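Under UniProt numbering, think of the first position of the sequence shown as 1, with each following residue one higher. We put the CB at the ideal spot given by N, CA and C, even for glycine. Fair warning: this is a prediction, and the values are worked out from it, not measured in the lab. Contents: one structure, followed by commentary.
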Amino acid sequence: MSVSLEQTYPDWVPNQITFPSEGNVADVLLQDCRRYADRTAFACAEDTLSYRELEQLSERLAVYLLSECRLNKGDRVAVMMPNLIAYPISVLGILRAGLVVVNVNPLYTARELKHQLVDSGAKAIIIAQPFLAALDEALPDTVVENVLLTPMAETVKPSGLYGGEARIALNDALSVEGDLDEVAVVPNDVAFLQYTGGTTGPSKGATLSHGNIMANQQQLLGWIEPCMAALPDQDQHVVITALPLYHIFALTVNALAMMHHGACNVLVPNPRDLPALVDTFKRYPVSMFSAVNTLFNGLLHTPGFDQVDFSRLCLAAGGGASVQAAVAQRWQAVTGKSIVEGYGLSETSPLVTLNAPDAGNHSGTVGFAMPSTDIVLLDEQDNPVADGEPGELCVRGPQVMVGYWNRPDANAEVFTDDGYFRTGDIAVRYANGSYQIVDRKKDMILVSGFNVYPAEIEAVCASHEAVVESACVGVPDERTGEAVKVFVVRSSDALKAEQLIAYCRDNLTPYKVPRQVEFLAELPKSPVGKILRRELRGLIQRSHLGRTFHNASRRLARGVFFCLKRAQQKSDVSYIATARFRTRPVTAVRQSSGAVFFIMNTGRWLSLNKKIIPQALAETRNRKPEVFKNVVLANWLSS
């Protein structure tokens, strides 16, 4: 099922790469540190870290983890913080010790954090102090024995801050001097457990080896060479890193790859503060920036962004979600540079495809397969589809993960018999070898038997001048099975639902046209900025439940009133009266003490009825208080 794409590569890109036979990620980064020792490697607010300091401090951390924490090669260490100077020190220190980095979203709740710590078996965690409450709640159920704390707004340099049992300031750990005994780490050893977003259940750890990461770095660096060569060697590239480093995109594309060129990574702890992010653009002569569609779009709608000096901008990389044409066009008009879009996943280190950086205008595709990468598009029966036909994108290459951590059942599902990883994304391949991501397989909407891909509807909506952003989901429809609903953030209240539907009707075939439009102040997003369609589907379900709840409680209240009325007239313990709700009997029983109980055979409506019956009682009490005057207790039971 392999696909040869040799004819599609730019002249400077090799058709194949060689999977590393020796070395590891830490070795590669140490070479960068020594080559650019006097340059600034990372900056955050007023703090800076040179490449020399990164080498020195990461060595001290590695010594501490091995000697004081008594960790052994292959043990897992979690890192839980936003973009801070401490992040690259932590990652490189962990890798130099032969340990495995477990990146953790700092916004995780205690439940989410516990799952990741338990699943990975992490024995230590390096965490920013403001997120300690979640850790304290999760910690008793984990095997974490060592907690290293770092502040949010101080340079990480040797100085004591805290002490305590199994807890120490990261600064104190960095004060421990000693010789680092070299740990033998080879390409097949695990470097990262990169946990997925958990959109189809509990998050799973993608097991990425040192070889996976190094191979993907080779693949990427070859492609972007013209961008890196755009500045003279003596000029330092400046990368604004607003995407979180715990995400595979920023970790590898911004931090690891740009270190190879001696770049300065400007770390942004809070990219949601768009005015502050614009100020960062104005402060630094940015030459490289990566973002997802919503971040590009948000910046374009932030006052002052069009006043930034983009004369040194060499590369604007887009990924994480499809970049919409309207956003790409506005970006190019403001910055003078097109967005170079690629495609990847946590499971693929991450890059699978990429457009050529000199392609000119935004193509709407995610480019071509990376060197040494085979892609096949499969239908529902696992048969390859023809060019121009949609199919699930399946990939095989040196950057594809070893598998999910301790999940043999999941691995059996996501890998084909011949080793292709099923991405769950629907794509189309064109005759020139480029790919376009149509949508997530699970997000596809089925309207009268026709496949509707939300990304297409969202792209049309985005082209309307009054639409800031939108998200499309399917809703149940008695006639067509499903219908299209779009949630919209608008720039003006003058835009009405019927106007947007009419606009879509002019640009889409009839079965794709939204039947419903709902305006929101903002759309739910992940910490990286991806729009969360699952949250919107949940909003629809809760809204439907609310309407059902209201109507059912009104109907049931009438039955409750009837039961109570009859119960007032009897003094013996007996079944007094029955009302029906959704064909299920509701029975009132009055005991001699005067207490009235309700018995309901709830069946599958149990959770709904637990809400409905108390409200029905309250509604009856409010409307007919005389019925309750002799009732000592009103309650309900389920049989």
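With fewer than 16 other CB atoms across the displayed protein chains lying within 10 angstroms of its CB, R272 is exposed. A distance below 6 angstroms between beta-carbons, with the five flanking residues on each side excluded, links F281 to the following residues of its chain, in chain order: V308.
Relative to the Cα of G433, the nearest Cα in the group P371, V468, V486, C461 belongs to P371. Non-local beta-carbon contacts of M258 in its own chain, meaning distances under 7 angstroms to residues more than five positions away in sequence, involve H237, V239, N265, M288 in chain order. Counting only the Cα atoms, Q116 lies some 11 angstroms from D141. Around the CB of K485, 16 or more other CB atoms lie within 10 Å, so the residue is classed as buried.
In its chain, beyond the 5 residues on either side, P390, G391, E392, L393, I437, V438, D439, R440, K441, M444, Y453 have a beta carbon closer than 8 angstroms to the beta carbon of I426. Considering only A43, P269, Q234, A97, the residue with the shortest C-alpha distance to P130 is P269. Secondary structure note for L65: its alpha helix (DSSP H) is the uninterrupted segment 51–67.
For the region 96–180, the full-length alpha helix (DSSP H) segments reaching 4 residues or more read 110–120, 132–138, 170–173 along the chain. According to DSSP, S470 shares a beta bridge with V488. Rounded to whole angstroms, the separation of the alpha carbons of L71 and M228 is 39 angstroms. Taking 8 angstroms as the cut-off, the Cβ atoms of A215 and F19 count as close.
In the three-state DSSP reduction, T196 falls in the coil class, being neither helix nor strand. According to the DSSP assignment, L300 belongs to the alpha helix (DSSP H) that extends over 293–300.
Scanning its chain for C-beta atoms nearer than 7 angstroms, with the 5 sequence neighbours on each side dropped, one finds around V25 the residues L95, A191, H210, I213, M214, in chain order. A Cβ-Cβ contact shorter than 8 angstroms links Y36 with G262. A residue is called buried when at least 16 other Cβ atoms come within 10 angstroms of its Cβ; A369 meets this threshold and is buried. The straight-line gap separating the alpha-carbon atoms of W405 and L193 is approximately 8 angstroms. Distance from the CA atom of A124 to the CA atom of P384, rounded to whole angstroms, is 45 angstroms. If you compare the alpha carbons of T416, V185, F296 with that of A333, the shortest gap goes to F296. The Cβ atoms of V488 and L500 lie closer than 8 angstroms to each other. DSSP assignment within the region 322–373 yields the following whole alpha helix (DSSP H) runs of 4 residues or more, N-terminal first: 325–335.
Inclusion of E341 and G318 in the CB contact set at 8 angstroms is warranted, their separation being smaller than that value. Bridge partners of R76 according to DSSP: V100. In the DSSP secondary-structure assignment, A26 is not bridged to any residue.
For G433, no beta strand (DSSP E) run applies, since DSSP gives it neither H nor E.
In terms of Cβ geometry, S463 and Y511 do not form a close pair [threshold 8 angstroms]. Under DSSP, the beta-bridge partners assigned to G391 are A427. Assignment of Q516 by DSSP, reduced to helix, strand and coil, places it in the strand class. Per DSSP, A497 lies in no beta strand (DSSP E) segment; the continuous alpha helix (DSSP H) that holds it begins and ends at 497–507. Here the alpha carbons of P476 and L508 stand approximately 20 angstroms from one another. Here E46 is exposed: its Cβ has fewer than 16 other Cβ atoms, across all protein chains shown, within 10 Å. Spatial neighbours of L180 in its own chain (CB-CB distance under 6 angstroms, excluding positions within 5 residues in sequence) are listed in chain order as E59, A62, V63. E465 sits in coil when the DSSP states are folded into three classes, being neither helix nor strand. Bridge pairing for Y404: A206 [DSSP].
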